[in-house]
Amino acid sequence: MIVNRLIVIYPLMKKYDFRAAVVGTRTAVPVLGGGKKRYINFDNAASTPAFKAVTRSLDKFIQYYSSVHRGTGYKSVVSTWAYDQAHLDSLRFVGADPEYFTSILMKNTTDAINKLARRLDFKSGDIVLSSLMEHHSNDLPWRVQARTEYIEIDDTGHLDIDDLKRKLKKYGRKVKLVAITAASNVTGLIPPVNEIARLAHSAGAKILVDAAQIVAHRQVRMGVPGEPESADYLVFSAHKMYAPFGIGVLIGPKETFKAGDPDSVGGGTVNFVTTSDIQWAHLPDKEEAGSPNVPGAVALSAAINALETIGFSKIAAHEKELTRYALKKLSAYEEIELYGPDRWIQGEDRVGVIAFNITGIYHAVVAAILSYEGAIAVRNGCFCAHPYIQRLLRISDEEAIDYRDDISDGIRLKVPGMIRVSFGIYNTKSEIDRFMKIIEMIIRGKYKGEYSVDKRSGEAHPAGFEFKNDIRF
Ligand SMILES: Cc1ncc(COP(=O)(O)O)c(C=O)c1O
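When we follow my numbering, the leftmost residue of the sequence shown carries the number 32, and every step to the right adds one.
Here it is in structure tokens:
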């Protein structure tokens, strides 16, 4: 699997109007003290807005929407074409050979990993090697099915490749799978997936790449099956790539899914059934039980086409520029602690995700001020990566147990966490400037509201002001 490390001559390239490609960039939202400000979304690692090309496609497709497969009406035929095309598009998007791989359309990355975990035929004693930098979705599904061990990280949050080597040596052929993220949703770090694939394969293990945080930002290639650096399985979510309509993708060798029974069964999964016999359908139908999300699949295809049309060299160059710019601004303040490498390291690739804290101010309060006073959306907390956050914040196991006990008692007043900003193609340097003004205000204590943290939710709110739920769709 190759995350193309692109050599980009940015100034020579024609400027692309990234902003015009995305829906909702002009939305103004209410702020504390009255009036409205134009919304800034720095929470793209959680979910992106839609591409205009995606909503246009959906507007057109919905006129033809109908049931897929086995419907004889014209609209059913058209819908089936569109649905089948999404499988092909997703394979092409990551360079997966359609003869060897199948694409299974699921709800999201989490759903896709859960399916794979259920479908791999783990025997007692088999080990999955995950890592301490994973999102819970690439950790918990493995724990349920097999013994799961974790590759360590170093002080800057990078994956410790020597520890991977040690663990592969220690556990030998018991390691059936290495399950690794292609980019961290906390620090934006990009582990050397090619090298990890080579090490996993040489130890006789397969590799799953969690591509949720990379597919909208770098070109991904699964590689040629059987080659040491290729990926065996790959998963991603359309809602993180400008198509938020409920689709995720699981790509893997057909052989894996031809074997055995599907984990979820029912309509659509069979060719023939009697009361005593079941003949499973061909792939991917066998693994896609029930009526599928056809509009979601159409949205996925449209997003893939849009990303390919813009081109990953332009996308990567723009987002790297934003990340470098934001890191430079944030690292100028001694009150700000950055997690992961605290600056842009020349030559190191990193997606546009930055996590930080401001000394002496609770992360939930910082996020609330950004939202209520700046109309800026960020994320705060542990980003579904508790073990990674625990390491980065240097929280001991004893302290972690105290926090867990507080949470069990319904107290979330001092749950550790960070603030995360994450960029998409449509974000701009002037948005970062606006963000930095609020950060400066927070550091200087010059914000307007009086914020308190809700004991149960852990969220912070300003006294005497709340957003009104008055928008009807
Ligand atoms: C690295 C990574 N993996 C998996 C997921 C889960 O994705 P989804 O919520 O779309 O299932 C996320 C979500 O943030 C993620 O960042």
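Ideal Cβ placement from N, Cα and C applies to all residues, glycine included.
For HIS349, no beta strand (DSSP E) run applies; the uninterrupted alpha helix (DSSP H) run containing it begins and ends at 343-361, by DSSP. Taking a C-beta distance under 8 Å as the contact criterion, ILE469 and ILE400 qualify as a contact pair.
Comparing C-alpha distances from GLY64 to each of ASP90, TYR181, GLU404 and GLY327 shows the shortest one belongs to GLU404.
Annotated as proximal: PHE343 and ARG249, with beta-carbon spacing under 8 Å.
In the structure shown, LEU369 adopts extended strand secondary structure according to DSSP, grouped into three states. Bridge partners of LEU239 according to DSSP: ALA210 and TYR264. With contacts defined by Cβ atoms closer than 8 Å, GLY383 and GLY412 do not form a contacting pair. The criterion of a C-beta distance shorter than 8 Å is not satisfied by LEU239 and GLY188. The chain-ordered list of residues whose CB is nearer than 5 Å to some heavy atom of ligand 1 reads ASN139, THR140, THR141, HIS166, SER168, THR212, ASN216, ASP241, ALA243, GLN244 and SER268. For ASP308, the enclosing beta strand (DSSP E) begins and ends at 308-311. A buried status is given to GLU318, since no fewer than 16 other beta-carbon atoms sit within 10 Å of its beta-carbon. Rounded to whole angstroms, ARG487 and TYR393 show a C-alpha spacing of 16 Å. In the three-state reduction of the DSSP assignment, MET164 falls in the coil class.
Contact annotation: HIS270 and SER78 have beta-carbon atoms nearer than 8 Å.
Burial of PRO80 is indicated by the presence of at least 16 other C-beta atoms within 10 angstroms of its C-beta. Contact between VAL329 and ALA127 is ruled out by a C-beta separation of about 20 Å, above the 8 Å threshold. A direct Cα-Cα distance of roughly 23 Å separates ASN458 from SER332.
Around LEU424, the same chain offers PRO447 as residues with beta carbons nearer than 6 Å, after the five sequence neighbours per side are excluded.
Taking a cut-off of 8 Å on C-beta distances, the stretch 137-152 does not touch the stretch 346-359, as fewer than three cross pairs fall below it. Beta bridge pairing from DSSP links PHE82 with VAL53.
In the three-state DSSP reduction, HIS492 falls in the strand class (E or B).
Counting only residues of its own chain and dropping the five nearest sequence neighbours on each side, PHE387 has a CB closer than 7 Å to the CB of LEU361, ILE367, GLU368, LEU369, TYR370, MET449 and ILE450. DSSP, reduced to helix, strand and coil, places LEU220 within a strand of the structure shown.
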